[in-house]
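The structure under discussion appears below in the form of structure tokens.
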Amino acid sequence: MTAQPLIRAERVSMQFVIGASILNARKRVLTAVDQVSLDIHRGETFGLVGESGCGKTTLGRLLLRLYKPTSGTIHYDGHDITTLTPQQMMPFRRRMQMIFQDPYASLDPRMTVSTIIAEPLRRTEMDRAQVDARVRELLSLVGLDENHARRYPHEFSGGQRQRIGIARALAAGPEFIVCDEPISALDVSIQAQVVNMLEELQQRLGLTYLFVSHDLSMVRHISHRVGVMYLGHMVEMAPVNELFTNMAHPYTQALMSAVPIADPDASAASRRIILEGDVPNPMNPPSGCPFRTRCPVVMPVCAEVKPELKDIGGGHWVACHRV
Amino acid sequence: MSTNRLLEIENLNTTFHIHVGQVQAVRGISLHVDHGEAVGIVGESGSGKSVSMLSLMRLLPDYAHISADRIYFEGQDLTNASVDQVRRLSGDRIGMVFQDPMTSLNPLMTIGRQMQETLRVHRKMSKADAAERVRELLRLVDIPDPDSRQKQYPHELSGGMRQRVMIGMAIASNPSLVIADEPTTALDVTIQAQILALLKGLMDKIGTSVILITHDLGVIAGMCSRVLVMYGGCIVEEGLSREIFYNPRHPYTWGLLRSVPRKEGEHAPLIPIHGTPPDLINPPPGCPFEPRCPHAMRICRTGMPRMTQVSDTHRLRCYLMDEGAPKVAWEGGRA
Amino acid sequence: MQAPPNAAAYEFIPEAERKAAEQLSRPSLSYWQDAWRRLKRDRLAMVGLTFVVLMGLLAIFGPMFSPYAYDYSDFSAISQGPSAKHWFGTDALGRDLFVRILYGARISLAIGLVSALVNMIIGVIYGGTAGFIGGRTDNIMMRIVDILIALPSLLYIVILMMFMGSNIRSILIALCISSWVGTARITRSQVVSLKQQEYVLSARLAGASSWEILIRHLLPNSMGPVIVSVTFLIPSAIFSEAFLSFLGIGIQKPMASWGSLANDAIETLRSAPYQMFFPVAAISLTMFSLNFIGDGLRDALDPRLRK
């Protein structure tokens, strides 16, 4: 029995209008996310990788309805939330949360830790004592001292602030959490602490994650399924082991080979695919396949027809004419 | 006593005097770099890896007090050199590449002009010669169409391009040493691969040595022949790349290697290092890693451990090396 | 050379002892406490603050202790220089200047403070709303501000006063609505830059309404530069009032403000220069002090300078 996915996005696109003003009527459109479809099932971690400008952060925000998609639909637990007003979104807000990348900008510097963590609880019926108890419970859940509740964010290290952010995300008891590059700003030895904690919390609380990151090794470690994005498109999607052993898309292959390996012999032996050039300007994407300008195995058809995601078996989808 | 090493530093100390106290950012480190080699300095925030190189180049503010027993560069004794003397070397014999090219490049000047400026200041080149050299440099760093690129401003270039320009400026006068401080941390992984390949290629082409400062063990493994591991202002372990990755002896190095997903295809649990990086204001006596070390002993609190040689090239600071200490094995090792 | 360490030295430290180590060492300071600590170290600002506080206290309590009422004329003691009986001397109508300066302080300081506060409230609401709503509304609101800034404020203060008459109430009203535009701009730019911060996004995810976000997050975090600019509004208001009164359009006799005292002193400038000296000194010293405080606050409230 395939359970209904918790999140279902179908051909979701997000376009931003840039540069319109009173004097300049010519609008330019930035397509941050281009017709992306994905399913996330309860209890799983969906890893979303890609480099800057690929749209992964925007997609994460779209799934939380922080933006309204320009086209396509988003379903949460069977409900269509694509066009709901902020009022109508209220009952869903409690169930979905986000952990942010920058531990220094994601906490209001003027508020105490306790106020920060309790913010999602302001709309509930809990009284003062219940809120305090919950804050203490959350602090200990993320491995912080309860006495830290009255302190200010600047007194904590990056890793500790990230934990405060996690405590805040968990406050109202959500089911789904978008983790937007939660560890990139942290020291290496702290990254493992936070990743382990996220895994443990997932076990304990039955959470579903969208783990957005450019760090392939961490994504591989924590995800059940992975999607690879490039210039707003989803180019490959598969269960984690399948993706990393049978990479089909040339971009995924290049991405994987570019990741430095902490092992001198393996590093020397690895075949590096060095991509030429830079990522194209998202406001002026290439025709056909977005990756064709840097693809080592490009063909003439790639410039004419945009490849669609094809099912190549085993839950593995690829958008490439070569496959 | 002269030396035929490119760079030799003995007992470098850097302390910042700020109003809440003294921050001991660098505590007695010694290192050397030979001609044509790539040395990696790996560490996290507060390790002192960046500050140590900035101290060497005298690029720190007034309230930083720097001292060393010996600093030799290209046979020249720089131990008591003035700030001006040292700064004259920078850009000429020593090139520097920083993490964020947006802040190290002047946003108001075109790329070409900035690159020419370095050349004309240090080498007293004429405008025409400098322009030609800039074209050559842009080609060396694989920037296509150098003539039109020269006229562009930093913000018009992508992150990877800007970093190439920085590298071009750093190698402009054929320096014997390039110090790269987190040169690829802010770049996408595919661009990072390009830049690292470029650096490696340049090392071969112009025979320069490189000190690569980073927190990324993978980058070190791919580029460097020797590695220095820093923690809390000290060098806790140093050795050849193979020695550090396959036969590390310091608990911090073990911790670093275990907390990073290393081998492909393994879902081995990540074993983090508990605790947080140290606060360097009035640090307690003893080994800086002791509060987080899973093998901390009473003696570790008494004072800084001395350097123990494991081989000609491999040494570390740890009380576990003492004769009376218990034998602790490293499970992730390889012969 | 030390004896080799005994076996006990090589015992592992138990877990419990080590947990105690992860305490936060430095005392907890809120933003304001830290700012106050930093301000205290700025000597000029402290001198300025002391002066203003003293002046304020004198203004409130001083006249109670003076044997003279501010409008009491002693015709036997006209235009006398400073003496033991009259510390600042007397004016052309025999009134004690010291007590008149203190009264003047009441009026000038009150006008300065009240108008700065009202301007701040108007400016913060206007700028905060514009910045928060963004888009076209923001554009239009800010263009209005641009136009208003271009008009010389003194000009329309004078015009307003001509309609409302010359008294303390009309000066107050005119000043209260003339300088909010600067504050509006500062607030708006702060709000616009802070709007993108991740903690604002997080508040939206937590279900906060736009109003709540503005009041609980954006405005408190914008206060730093706003307070600094408001601190500079006070001396500017004091000066405007002094200027108007000096021209004769402001405070009328027998009420005394520093500006009107200076006005009174014009006729006797040659013969009794001290009558001009004291009011002018009072204005200058107060403005200096407030400017020092403002400069000190600017450094103290800048989050980037926090160590």
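Residue numbers (my numbering), protein chains in the order written: chain A, 352 to 674; chain B, 3 to 337; chain C, 2 to 308.
C-beta: ideal position from N, C-alpha, C; glycine also.
As the structure is a prediction and not an experimental result, all values here were calculated from the model.
Burial state of residue i (16 or more Cβ within 10 Å)
i, result
"Y65/B", "exposed"
"A619/A", "exposed"
"W256/B", "buried"
"G666/A", "exposed"
"V85/B", "exposed"
"G305/B", "exposed"
"V648/A", "exposed"
"D149/B", "exposed"
"Q34/C", "exposed"
"N264/C", "buried"
"D206/B", "exposed"
"L558/A", "buried"
"L381/A", "buried"
"A204/C", "buried"
Three-way DSSP call (helix, strand, coil) for residue i in this model
i, result
"W88/C", "coil"
"Q386/A", "strand"
"S285/C", "helix"
"R307/C", "Below a pLDDT of 50, predicted positions are generally treated as unreliable, and R307/C, at 49, falls in that range; the measurement from the model is reported next regardless. In this structure, R307/C counts as coil in the three-state DSSP scheme."
"R251/B", "coil"
"M352/A", "Residue placement at M352/A is flagged as unreliable, the pLDDT there being 43, under the threshold of 50; the coordinate-derived value follows with that caveat. Coil, per DSSP."
"Y560/A", "strand"
"F642/A", "coil"
"F279/C", "helix"
"I157/B", "Going by the sequence as given, residue 157/B is His instead of Ile. Reduced to three states, the DSSP call for H157/B is helix."
"T396/A", "strand"
"V529/A", "strand"
"Y581/A", "strand"
"T475/A", "coil"
"Y74/B", "strand"
"K407/A", "helix"
"I283/B", "strand"
"A331/B", "coil"
"V312/B", "coil"
"F291/B", "coil"
"A174/B", "coil"
"M225/B", "helix"
"I391/A", "strand"
"M678/A", "Outside the shown range of chain A (352 to 674) lies residue 678/A, about which nothing can therefore be said."
"M299/B", "strand"
"D300/C", "helix"
"S621/A", "coil"
Per DSSP, cross-strand counterpart(s) of residue i
i, result
"H426/A", "R359/A and D431/A"
"S239/B", "Residue 239/B is actually Glu in this sequence, not Ser. For E239/B, which the question treats as bridged, DSSP gives the partners V231/B and L318/B."
"F18/B", "V25/B and A66/B"
"D183/B", "I215/B"
"M447/A", "F527/A"
"H34/B", "E10/B"
"P590/A", "R576/A"
"I369/A", "R379/A"
"W668/A", "M588/A and D662/A"
"A40/B", "V212/B"
"F13/C", "M299/B"
"D79/B", "Y74/B"
(request) Could you say if the region 537-547 of chain A and the region 498-506 of chain A meet the contact criterion of at least three C-beta pairs nearer than 8 Å? (result) Not touching, per the Cβ criterion.
(request) For the region 208-227 of chain C and the region 171-180 of chain C, state whether three or more C-beta atom pairs, one from each stretch, are separated by less than 8 Å. (result) Because the criterion of three Cβ pairs below 8 Å is not met, the region 208-227 of chain C and the region 171-180 of chain C do not touch.
(message) Any contact between the region 167-176 of chain C and the region 106-117 of chain C? By contact I mean 3 or more CB pairs, one from each, below 8 Å.
(response) Taking 8 Å as the limit for Cβ pairs, the verdict is that the region 106-117 of chain C does touch the region 167-176 of chain C.
(message) Threshold first: 3 residues or longer. Then list the beta strand (DSSP E) segments lying entirely within the region 91-139 of chain B, N to C.
(response) If we require 3 residues or more, the beta strand (DSSP E) runs fully inside the region 91-139 of chain B come out as 96-99.
(message) Measuring CB atoms only, is the region 127-144 of chain C touching the region 244-252 of chain C, in the sense that at least three cross pairs come out at less than 8 Å?
(response) Contact fails: fewer than three Cβ-Cβ distances are below 8 Å.
(message) Taking contact to mean 3 or more Cβ pairs, one atom from each stretch, closer than 8 Å, check whether the region 93-113 of chain C and the region 53-67 of chain C are in contact.
(response) Touching, per the Cβ criterion.
(message) Using a Cβ distance threshold of 8 Å, determine whether the region 51-68 of chain B contacts the region 181-195 of chain B, with at least three qualifying pairs required.
(response) Contact between the region 51-68 of chain B and the region 181-195 of chain B is established, with three or more Cβ pairs separated by less than 8 Å.
(request) Kindly confirm or deny that the region 587-600 of chain A and the region 197-214 of chain B touch, where touching means at least three C-beta pairs closer than 8 Å. (result) With a cut-off of 8 Å on Cβ pairs, the region 587-600 of chain A is not in contact with the region 197-214 of chain B, counting fewer than three such pairs.
(message) Contact between the region 20-29 of chain B and the region 617-637 of chain A is defined here as three or more beta-carbon pairs at a separation below 8 Å; is this criterion met?
(response) They do not touch, by the three-pair rule.
(message) Quick test of the definition: if touching needs 3 or more C-beta pairs under 8 Å, does the region 591-610 of chain A touch the region 417-437 of chain A?
(response) With fewer than three CB-CB distances shorter than 8 Å, the region 591-610 of chain A does not count as touching the region 417-437 of chain A.
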